[in-house]
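Numbering (our numbering), first residue to last: 608 to 754. Scroll down for the structure; my scribbles are underneath it.
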């Protein structure tokens, strides 16, 4: 005796859900990978070396100045580094023994084969005080500066 076959439920929602999950995972990986590329670049390493060793920065933020991690050892570097096009614009959180803040660095290269020109290199503490690193002689402490 023939009988009706049961209706199959549509699998479209399942496929759409899998596609959305795959796209979200791919996007998260791209964000992570590009951030790691910036965090491990020679530019960011050079900037953190300067922050750790300049006397004025030690006076402004305290000893042991380093990039403040977001979670665990994961640091978040905002901005972009494009050495071939001659554009660097990064911001990252920094922390010392006395204070924390945000370091901002912007530099451009005018023309091929030219030198990079620093447009912005500063630290903004959480209390609003700003240390303009581009204008300082970094071998000296902050004597006489209004903070």
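All C-beta atoms, glycine included, are put in the ideal place defined by N, C-alpha and C. This structure is a prediction, so every number in the text was calculated from the model and none was measured.
Under the three-state reduction of DSSP, which class applies to residue 701: helix, strand or coil?
-> Against the chain shown, residue 701 aligns to sequence position 94. DSSP places residue 701 in strand when its eight states are reduced to three.
Own chain partners of residue 730 with C-beta closer than 6 angstroms, once the 5 adjacent residues on each side are dropped | In the chain shown, the residue the question calls residue 730 occupies position 123. The residues are 708, 710, 738.
Where does residue 617 sit, in a helix, a strand or coil, going by DSSP?
-> For this step, residue 617 is matched to residue 10 along the chain shown. Coil at residue 617, not helix or strand.
Measure from the C-beta of residue 693 to each C-beta in chain C and report whether the shortest distance is under 8 angstroms.
-> The structure shown contains no chain C; it holds only a single protein chain.
What whole-angstrom Cβ distance do residue 693 and residue 716 have, given they're in contact under 8 angstroms?
-> Counting from one through the chain shown, the residue named residue 693 turns up at place 86. Counting from one through the chain shown, the residue named residue 716 turns up at place 109. Between residue 716 and residue 693 the Cβ distance is about 3 angstroms, and since that is below 8 angstroms, they are a contact.
Whose C-alpha, out of 636, 623, 615, 726, is nearest the C-alpha of residue 697?
-> Counting from 1 along the chain shown, the entry for residue 697 is found at position 90. Measuring from the Cα of residue 697, the nearest candidate turns out to be 726.
Would you kindly check if the distance between the Cβ of residue 684 and the Cβ of residue 732 is under 8 angstroms?
-> Counting from one through the chain shown, the residue named residue 732 turns up at place 125. Counting from one through the chain shown, the residue named residue 684 turns up at place 77. Not closer than 8 angstroms, so no.
Counterpart residues of residue 680 in DSSP-defined beta bridges | Mapped onto the chain shown, residue 680 falls at position 73. Answer is none; residue 680 lacks a bridge partner.
Does the beta-carbon of residue 719 have 16 or more other beta-carbons within 10 angstroms, so that it is buried, or is it exposed?
-> Counting from 1 along the chain shown, the entry for residue 719 is found at position 112. Residue 719 is exposed by the Cβ-count criterion.
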